[in-house]
Amino acid sequence: MKRALALLALIALIAIGVIGYTKLMARIGSGTPPDMAAASEQADEIRVFKDKRELHLLRNGEVIASYDISLGANPEGHKSEEGDEKTPEGTYTIDWRNQNSVAHLSLHISYPNAQDRAKAEERNASAGGNIMIHGLPNGWGVFARLHLMYDWTNGCIAVTNAQMREIWSLVPNGTPITIQDKT
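Below is the structure:
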């Protein structure tokens with residue numbers, strides 16, 4: 001009986017520590033973002049292939065970097081409303097960035113556009129929003145590529161923290177992003 005109580009106490013202590021650490025890291029934020037790369041090195045387009053779980057940065061039509069990604073937990077098809085856990089499909093823009101994100105750095109994708117909002121309104125639903133390219137949740141970067149084992153976001157595109165720092169430096173605001181279901 002004492003052994004079972006000691007084990008239960010240890011598990012509770014570990015859980016409290018993990019929760020506390022995660023909250024602290026979320027409060028601290030992502031830290032200082034990297035400097036932007038020289039304009040001649042920056043991407044002028046992003047393409048995401050949901051079927052292959054890949055994100056490509058392009059410059060002048062040539063791939064300059066590729067990343068394995070995780071998507072929304074319900075990745076099949078186009079995002080149609082808030083809470084469906086789908087990653088949108090279509091052409092959007094990187095329109096702002098957040099260095100104090102709950103995930104390690106994030107770049108905002110301009111979803112929903114007017115067509116997305118209109119389709120959601122037809123169904124009396126909210127199109128949702130706040131779709132980002134981001135790193136791992138603050139405090140969880142140690143898990144790096146393990147995040148690729150399954151699609152886990154609420155509709156965002158996730159990469160490792162190191163990859164997010166590289167993407168952040170290579171992608172200026174205003175960069176178009178095309179997200180497609182099939183290659």
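Going by my numbering, the sequence shown opens with residue 1, and the numbers climb by one from there.
Where is the CB? At the ideal position from N, CA and C, for every residue including glycine.
Here the C-alpha atom of V63 lies approximately 32 Å from the C-alpha atom of E82. Taking 3 residues as the shortest admissible run, the segment 50 to 122 contains the following complete beta strand (DSSP E) segments, listed from N- to C-terminal end: 54 to 59, 62 to 68, 90 to 98 and 106 to 109. Cβ-Cβ separation between T183 and F49: approximately 5 Å, consistent with a contact (criterion under 8 Å). Shown here, M132 sits in a strand according to DSSP, grouped into three states. In terms of Cα proximity to S101, the closest of T178, S126, S40 and N161 is N161. When secondary structure is reduced to three states using DSSP, Q42 falls in the coil class, being assigned neither helix nor strand. Less than 8 Å divides the Cβ of H104 from the Cβ of G135. Under the three-pair Cβ rule at 8 Å, the segment 65 to 75 counts as touching the segment 84 to 93.
Looking at the DSSP output, V48 sits in a beta bridge with L55 and I179. In the three-state DSSP reduction, A37 falls in the coil class, being neither helix nor strand.
In the assembly as shown, A43 is a buried residue. Its beta-carbon has 16 or more other beta-carbons within 10 Å. In the DSSP assignment, T153 is bridged to G72. The C-alpha of P34 lies about 12 Å from the C-alpha of S106.
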